[in-house]
Amino acid sequence: DLSDGLIAYRTYPHIDMADTGARAARYLDALLRELSDNSSFKPAKARRALP
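In structure tokens, the structure reads:
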């Protein structure tokens, strides 16, 4: 309820920290651009079950 995005590591051990940080930065940039371009934009919650 209190987050607009969760970005998960894809490997264990977490050797993909730089890639995950880059994905998080791209997501945040897209979110902020969308919010500033369109005041009616409402982020939606989604969940995907992993195998």
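Just so we're aligned: 21 in my numbering is position 9 of the sequence shown, and the numbers increase by one with no gaps anywhere.
Glycine residues also receive a C-beta, built at the ideal position from the N, C-alpha and C atoms.
The structure presented is a predicted model; accordingly, all values stated were derived computationally and were not measured.
C-beta contact flag for I19 and R45 at 7 Å: no
As assigned by DSSP and simplified to three states, the class of G33: helix
Coil, strand or helix - L62 by DSSP: coil
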